[in-house]
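Participant: Just so you know, the sequence shown maps onto residues 5 to 437 in my numbering.
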Amino acid sequence: MEVGWCLLRSLVVNAGSSSLKFALFAADSCELLARGNVEWMGDSDQAQLRLSGQSLADVKRSVLARSHAEGVTVARQALVEHSFLQAGPASQIAVVGHRVVHGGTLFQSSVRVDERVRTAIAELATLAPLHNPPALAAIEAIESAFPGVTQVAVFDTAYFSNLPPSAVVYPLPYEWFSEWGIRRFGFHGISHAYCAQRAAELLHRDLSELRLVICHLGNGCSVSAICHGQPIATTMGFTPLDGLMMGSRPGSIDPGILLDVQRQHGLSIEQLDHALNHESGLLGVSGVSSDFRAVEAAARQGNERAQLALSIYADRVRSAIGAAAVTLGGVDAIVFTAGVGQNSASLRTAAVKGLDCLGLQLDGVRNETSDPDCDLALTESPGRILLIETREELMIAREARQWVAQHWAFLGGNKCSHIHQVLSLDSSPRSHT
Ligand code: ADP
């Protein structure tokens, strides 16, 4: 059954370690129609489904989902139940875009998923054990749900694939780089790329003339330096452990500590891995939580370790902004985004304290009262301080649409001409939807 072109949809799937986010867009305009997530708590088979969309009161209910594959089924059923999708044909889906965290050195741009790509994503799982396997499971579940649908993998690492060598190579024995592939990859690229584009829109400037510092502060945190549209430095490295202090990860630390705790305290590799990924950062220092809101609340009540954790967190962000600005030779704008960056006015105040020297002057009132997307700098500030809601799903939908528009002949030419008509209408980035 053929579906009218105006009904074509782009589906985006973002499979994380404990959640599966999804979003449905109109294929032609990338207008958001519905979004939701399936989120697991602990090891239970029970998950929470959330769905919101146009003309729909927010849905929230418990569901049974034993795996990411079953999460995809739950998401599809919810979209059908609320009439965002039809029950039957795969042809209503123009393309499915997936966020894949690690593309290694193989994938420097988005690719259509085929057998070779699946194998490579599976092999890269050793570098992103919490993220690549769920993405693969979601890809396979989509193939079962919509046989033959075009799937495009959009990689978090791809945006940073052309970092300069001095940012890529660690000062370790060179053979570790040349023979073992130990190098900086950088992560959160989809978010950094979106924020850079969006910053240029907000500033009514061409991205190619801007020097930007993007601060993505969520559960994971990274700062990047974007020079004339190209990332030239980023704080995450070989793995997403590097750089800033995070919810439960430490960011950069003296590597000698890792040697010492093994020698003096007998920690095994597995214990170290667990401590670095799950017991450090805000949680480790505060002893309260990895959740920024909970640590802020404890700090307000006088908890000194929570206060210390917030000070370290802000210091690290401030240092990273300073380093990125110096790498850029000056800064036209910095961007705060993701859960903490978008929502914590107190963190933003602390993070830019003293950055007048870089021409960054925060307007205290705007900072406390504004919602994204907007400018928080004083009118007279030489550099702008932007608050932007990151839109990774939108970015993936655009990438997937662009891939199909560019490769439609490869997909079967006239057979898919209805898809091509829709996807080639306008492949330029849209304004905020
Ligand atoms: P993820 O990396 O999982 O996508 P998010 O971008 O959703 O993470 O960010 C999650 C973080 O944002 C959590 O630490 C959470 O506490 C924090 N956060 C969310 N809302 C607020 C808020 N209103 N104030 C401060 N922090 C917040």
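Just so it is clear, CB atoms sit at the ideal spot from N, CA and C, and this is done for glycine as well.
Since the structure is predicted, the reported quantities are computational estimates derived from the model, not experimental observations.
Taking the continuous alpha helix (DSSP H) assigned at residue 3, which residues delimit it?
Facilitator: Outside the displayed span of the chain (5 to 437) sits residue 3, for which this structure offers no information.
Participant: Flag this pair as touching only if the region 56-75 and the region 114-128 have three or more C-beta atom pairs under 8 Å; answer yes or no.
Facilitator: Short answer: they don't touch.
Participant: Check whether the Cβ atoms of residue 405 and residue 14 lie closer than 8 Å to each other.
Facilitator: Here residue 405 refers to the residue found at position 401 of the sequence shown. Here residue 14 refers to the residue found at position 10 of the sequence shown. Contact: yes.
Participant: Could you tell me the distance, in whole angstroms, from the CA atom of residue 434 to the CA atom of residue 343?
Facilitator: Here residue 434 corresponds to residue number 430 of the sequence shown, with the count starting at 1. Here residue 343 corresponds to residue number 339 of the sequence shown, with the count starting at 1. Any reading at residue 434 is ruled out, since the residue's pLDDT is 34, under 50, leaving its predicted position unreliable.
Participant: Residue 269 to residue 399, Cα distance in whole Å?
Facilitator: The sequence position of residue 269 within the sequence shown is 265, counting from 1. The sequence position of residue 399 within the sequence shown is 395, counting from 1. Going from the Cα of residue 269 to the Cα of residue 399 covers about 45 Å.
Participant: Nearest CA to the CA of residue 250: which residue from 264, 222, 275 and 274?
Facilitator: Counted from its first residue, the sequence shown places residue 250 at position 246. Measuring from the Cα of residue 250, the nearest candidate turns out to be 222.
Participant: Three-state secondary structure (DSSP) at residue 223?
Facilitator: Taking the sequence shown and counting its residues from 1, one reaches residue 223 at position 219. Note: residue 223 maps to coil in three-state DSSP.
Participant: Name the two residues that bound the continuous alpha helix (DSSP H) containing residue 321.
Facilitator: Translated into positions along the sequence shown, residue 321 becomes position 317. 308-332 is the extent of the alpha helix (DSSP H) around residue 321.
Participant: From residue 371 to residue 153, what distance separates their C-alpha atoms?
Facilitator: Position 367 of the sequence shown, counted from the start, is the residue given in the question as residue 371. Position 149 of the sequence shown, counted from the start, is the residue given in the question as residue 153. Approximately 44 Å, taken between the alpha carbons.
Participant: If we call anything under 8 Å between Cβ atoms a contact, is residue 236 one with residue 149?
Facilitator: Reading the sequence shown from its first residue, position 232 is the one you call residue 236. Reading the sequence shown from its first residue, position 145 is the one you call residue 149. The answer is no: Cβ separation not under 8 Å.
Participant: State the DSSP-derived secondary structure class of residue 266, mapped to helix, strand or coil.
Facilitator: On the sequence shown, residue 266 is found 262 positions in, with the first residue counted as 1. Helix, per DSSP.
Participant: Where do the ends of the beta strand (DSSP E) carrying residue 67 lie?
Facilitator: By one-based count along the sequence shown, residue 67 stands at place 63. Looking at the DSSP string, the run of the beta strand (DSSP E) that includes residue 67 is 60-68.
Participant: Sort out for me which residues DSSP pairs residue 18 with in a bridge.
Facilitator: To locate residue 18, count along the sequence shown from 1; it is residue 14. Per DSSP, 25.
Participant: Given a cut-off of 8 Å on the beta-carbon distance, is the pair residue 114 and residue 403 in contact?
Facilitator: Residue 114 sits at position 110 when you count from the first residue of the sequence shown. Residue 403 sits at position 399 when you count from the first residue of the sequence shown. In contact: residue 114 and residue 403 (Cβ atoms closer than 8 Å).
Participant: Give the secondary structure of residue 431 by DSSP, where H, G and I count as helix, E and B as strand, and everything else as coil.
Facilitator: Within the sequence shown, the letter at position 427 stands for residue 431. For residue 431, the predicted model reports a pLDDT of 41, less than 50, meaning its position is unreliable; a value from the coordinates is still stated below. Note: residue 431 maps to coil in three-state DSSP.
Participant: On a CA-only basis, which of 231, 192, 210 and 208 is nearest residue 219? Give me that one, please.
Facilitator: Counting from one through the sequence shown, the residue named residue 219 turns up at place 215. Of the candidates 231, 192, 210 and 208, the one whose C-alpha sits nearest the C-alpha of residue 219 is 192.
Participant: Might you give, ordered along the chain, the residues of its own chain that have their beta carbon closer than 8 Å to the beta carbon of residue 436, omitting 5 neighbours on each side?
Facilitator: Position 432 of the sequence shown, counting from 1, holds the residue named residue 436. Note on residue 436: pLDDT 31, under 50, position unreliable in the model; no value is reported.
Participant: Is residue 7 helix, strand or coil by DSSP?
Facilitator: Position 3 of the sequence shown holds residue 7. Note that residue 7 scores 44 on pLDDT, short of 50, meaning its location in the model is unreliable; the coordinates nonetheless yield the value given after this. If DSSP states are grouped into helix, strand and coil, residue 7 belongs with coil.
Participant: Please work out which residues of its chain come closer than 7 Å, Cβ to Cβ, to residue 210, disregarding the five sequence neighbours upstream and downstream, and give them in chain order.
Facilitator: To locate residue 210, count along the sequence shown from 1; it is residue 206. These residues qualify, in order along the chain: 204.
Participant: With respect to 7 Å, is the separation between the Cβ of residue 300 and the closest non-hydrogen atom of ligand 1 below this value?
Facilitator: On the sequence shown, position 296 is the one that residue 300 refers to. Answer for residue 300: yes, Cβ within range of ligand 1.
Participant: For residue 133 and residue 297, I'd like the C-alpha separation in whole angstroms.
Facilitator: For the purposes of this step, residue 133 is taken as residue 129 along the sequence shown, with counting starting at 1. For the purposes of this step, residue 297 is taken as residue 293 along the sequence shown, with counting starting at 1. Roughly 27 Å between the two C-alpha positions.
Participant: Report whether the distance from the Cβ of residue 342 to the nearest heavy atom of ligand 1 is below 7 Å.
Facilitator: The residue given as residue 342 occupies position 338 in the sequence shown. True, at least one ligand heavy atom lies under 7 Å from that Cβ.
Participant: Please classify residue 45 as buried or exposed, where buried requires at least 16 other C-beta atoms within 10 Å of its C-beta.
Facilitator: The residue you call residue 45 lines up with position 41 of the sequence shown. Residue 45 should be labelled exposed.
Participant: Report the partner residues of residue 41 according to the DSSP bridge assignment.
Facilitator: Locating residue 41 in the sequence shown gives position 37, counting from the first residue. 25 and 54.
Participant: Note down, in chain order, each residue of its chain lying with its Cβ closer than 7 Å to the Cβ of residue 248, except the 5 sequence neighbours on either side.
Facilitator: Numbered from its first residue, the sequence shown carries residue 248 at position 244. Correct list, in chain order: 225, 226, 227, 239, 255, 320, 321 and 324.
Participant: Quick check: the Cα distance between residue 159 and residue 194, rounded to an integer number of angstroms?
Facilitator: In the sequence shown, the residue the question calls residue 159 occupies position 155. In the sequence shown, the residue the question calls residue 194 occupies position 190. Their Cα atoms are separated by approximately 7 Å.
Participant: Using 8 Å as the Cβ pair cut-off and three pairs as the minimum, do the region 385-392 and the region 324-343 touch?
Facilitator: Flag = yes, the region 385-392 and the region 324-343 touch.
Participant: Look at residue 315 and residue 283 and say whether their C-beta atoms are less than 8 Å apart.
Facilitator: Here residue 315 is taken as the residue at index 311 of the sequence shown, counted from 1. Here residue 283 is taken as the residue at index 279 of the sequence shown, counted from 1. Not a contact, by the Cβ cut-off of 8 Å.
Participant: If you draw a straight line from the alpha carbon of residue 215 to that of residue 86, how long is it in whole angstroms?
Facilitator: Counting from one through the sequence shown, the residue named residue 215 turns up at place 211. Counting from one through the sequence shown, the residue named residue 86 turns up at place 82. When rounded, the distance between both Cα atoms is 44 Å.
Participant: Between the Cα of residue 450 and the Cα atoms of 356, 352 and 359, which residue gives the shortest distance?
Facilitator: Since the first residue shown for the chain is 5 and the last is 437, residue 450 is missing from the structure and cannot be characterised.
Participant: What number of angstroms, rounded off, separates the C-alpha of residue 356 from the C-alpha of residue 49?
Facilitator: The residue labelled residue 356 in the question sits at position 352 within the sequence shown. The residue labelled residue 49 in the question sits at position 45 within the sequence shown. Between residue 356 and residue 49, the C-alpha separation is close to 43 Å.
Participant: Going along the chain, which residues of its own chain have a beta-carbon closer than 8 Å to the beta-carbon of residue 349, five neighbours each way excluded?
Facilitator: Taking the first residue of the sequence shown as position 1, residue 349 is located at position 345. If we look at residue 349 and ignore the five residues flanking it on each side, its Cβ neighbours are 371 and 372.
Participant: Heavy atom of ligand 1 less than 7 Å from the Cβ of residue 284, yes or no?
Facilitator: Translated into the one-based positions of the sequence shown, residue 284 becomes position 280. No, the Cβ of residue 284 stays beyond 7 Å of every heavy atom of ligand 1.
Participant: Can you give, in chain order, each stretch of the alpha helix (DSSP H) that sits fully within the region 159-215 and has at least 4 residues?
Facilitator: Complete alpha helix (DSSP H) runs here, min 4: 169-172, 178-182 and 193-207.
Participant: Please tell me whether residue 54 and residue 63 are closer than 8 Å, where the distance is taken between their beta carbons.
Facilitator: By one-based count along the sequence shown, residue 54 stands at place 50. By one-based count along the sequence shown, residue 63 stands at place 59. Going by C-beta atoms, residue 54 is nearer than 8 Å to residue 63.
Participant: Grouping DSSP H, G and I as helix and E and B as strand, with all else coil, what is residue 12?
Facilitator: Residue 12 sits at position 8 when you count from the first residue of the sequence shown. Note: residue 12 maps to coil in three-state DSSP.
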